[in-house]
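Undergrad: Protein sequence lines correspond, in order, to chains A and B.
Using the numbering used here, the letters of the first sequence map in sequence onto residues 1 to 84.
Using the numbering used here, the letters of the second sequence map in sequence onto residues 85 to 248.
From the three backbone atoms N, C-alpha and C, an ideal C-beta is built for every residue, glycine too.
Questions regarding the structure given below will be posed in turn.
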Amino acid sequence: MPLEIDVHEQSCRGCELCIDICPTKVFELDSDKRLCVVKHAEDCIACLSCAYICPSNAITHTEYHAVKNFYRDAEFCQRMGKFL
Amino acid sequence: METNQQRKALQDAMVFLGAIASGTEQAIGESANSISYLAGVNLGKKLSSGVPQTRDIQEALKATREVLEKNDYLWLFEPFKTHDQDSIVQENDDGTQVMLVFRDCMIRQSLFRFGHTQKGSLCNMMYGFFAGALQNIMGRESSLEIVHAGENACYKKLIVRREQ
Numbered sequence: 001m002p003l004e005i006d007v008h009e010q011s012c013r014g015c016e017l018c019i020d021i022c023p024t025k026v027f028e029l030d031s032d033k034r035l036c037v038v039k040h041a042e043d044c045i046a047c048l049s050c051a052y053i054c055p056s057n058a059i060t061h062t063e064y065h066a067v068k069n070f071y072r073d074a075e076f077c078q079r080m081g082k083f084l
Numbered sequence: 085m086e087t088n089q090q091r092k093a094l095q096d097a098m099v100f101l102g103a104i105a106s107g108t109e110q111a112i113g114e115s116a117n118s119i120s121y122l123a124g125v126n127l128g129k130k131l132s133s134g135v136p137q138t139r140d141i142q143e144a145l146k147a148t149r150e151v152l153e154k155n156d157y158l159w160l161f162e163p164f165k166t167h168d169q170d171s172i173v174q175e176n177d178d179g180t181q182v183m184l185v186f187r188d189c190m191i192r193q194s195l196f197r198f199g200h201t202q203k204g205s206l207c208n209m210m211y212g213f214f215a216g217a218l219q220n221i222m223g224r225e226s227s228l229e230i231v232h233a234g235e236n237a238c239y240k241k242l243i244v245r246r247e248q
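Right, here's the structure in full:
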């Protein structure tokens with residue numbers, strides 16, 4: 001399934017921080033509602049910066065690749081053995 | 085070595101790496117970026133030696149990715165285009181441009197694990213790695229600009245310069 005982004009309308013304050021931080025211009029401001037909305041979900045790279053910066057936790061992503069905590073991944077630790 | 089021991093050794097290596105990078109940046113400022121860039125160039129050249137040469141940037145990127153995978157480097161990337169771009173590869177005045185998304189990255193993980201900032205000297209090592217690898221594979225100079233350093237992925241602009 002493709003990545004999905006949702007902006008919770010009741011939580012969004014229209015501060016535009018997500019618009020400013022997004023490197024691929026996924027969001028735009030709905031000037032009538034004074035809310036940030038998803039304009040181009042297909043451009044999202046899932047950096048999650050918008051979700052981290054949103055002061056009201058209004059943004060959620062689903063079906064994205066979460067980075068590996070490689071130092072906790074047993075298989076990767078074994079592969080890294082040659083460097084240690 | 086037992087997995088738990090390996091995990092601990094890996095974390096120790098990460099602390100050491102982060103401390104070295106952070107200390108070097110504090111001690112010599114922006115020059116630290118040049119040092120790590122050169123280290124990356126050497127690494128890129130060394131690991132990509134013997135890789136068949138190509139003039140096709142997408143083939144070169146595929147070969148670079150294979151080099152990273154083969155050596156167990158968690159620095160995987162993928163070319164990316166936004167909805168308003170006609171193709172992944174774009175030609176402009178500077179040369180051939182491709183936007184890259186870096187997802188799993190051992191440097192980002194190391195930096196976050198110990199509270200260091202992104203876009204520093206360790207990130208420049210990746211720039212150097214690409215410069216070195218593409219110099220070998222394509223025989224051309226390149227730059228890798230960090231457009232955005234995110235929490236779960238980074239967005240970078242790769243420009244392979246025109247042949248002189």
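Can you check which of these residues, B:Glu-247, B:Glu-235, B:Leu-242, B:Arg-245, is closest to A:Ala-107 by C-alpha distance?
TA: Chain A is shown from 1 up to 84; residue 107 of chain A falls before or after that span and cannot be answered.
Undergrad: Mind checking which residues open and close the alpha helix (DSSP H) that includes B:Arg-149?
TA: That run of the alpha helix (DSSP H) goes 141-154.
Undergrad: Can you say whether B:Glu-109 is buried or exposed, counting buried as having 16 or more other CB atoms within 10 angstroms of its CB?
TA: Buried, since its Cβ has 16 or more Cβ neighbours within 10 Å.
Undergrad: What does A:Lys-33 touch in chain B if you count any residue whose Cβ is under 8 angstroms from its own?
TA: Simply none; closest approach about 23 angstroms.
Undergrad: Going by C-alpha distance, which of B:Ser-118, B:Gln-137, B:Gln-193 is nearest A:Ala-66?
TA: Looking at the Cα atoms, B:Gln-193 is the closest of the given residues.
Undergrad: Using a Cβ-Cβ cutoff of 9 angstroms, what residues of the segment 181-194 of chain B are near chain C? List them in chain order.
TA: Here the protein chains are A and B, and chain C is not one of them.
Undergrad: Within a Cβ cutoff of 6 angstroms, which residues of the same chain sit near B:Phe-186, ignoring the five residues on either side of it in sequence?
TA: Within the same chain, B:Phe-186 has close Cβ partners Phe-161, Cys-238.
Undergrad: Closer than 7 angstroms, Cβ to Cβ, to anything on chain A: give me those residues from the segment 209-222 of chain B, in chain order.
TA: Those would be none; no residue qualifies.
Undergrad: State yes or no: is the beta carbon of A:Asp-20 nearer than 8 angstroms to at least one beta carbon in chain B?
TA: So no, A:Asp-20 is outside the interface.
Undergrad: Going by beta carbon distance, what residues of the same chain come within less than 6 angstroms of B:Gly-124, once the five residues before and after it are set aside?
TA: For B:Gly-124, where only same-chain residues beyond five positions count, the Cβ hits under 6 angstroms are Met-209, Gly-212, Phe-213.
Undergrad: Answer with buried or exposed for B:Asn-154, where buried requires no fewer than 16 other C-beta atoms within 10 angstroms of its C-beta.
TA: It is worth fixing the name first, because residue 154 of chain B is Lys in this sequence and not Asn. It is exposed - the Cβ of B:Lys-154 has fewer than 16 other Cβ atoms within 10 Å.
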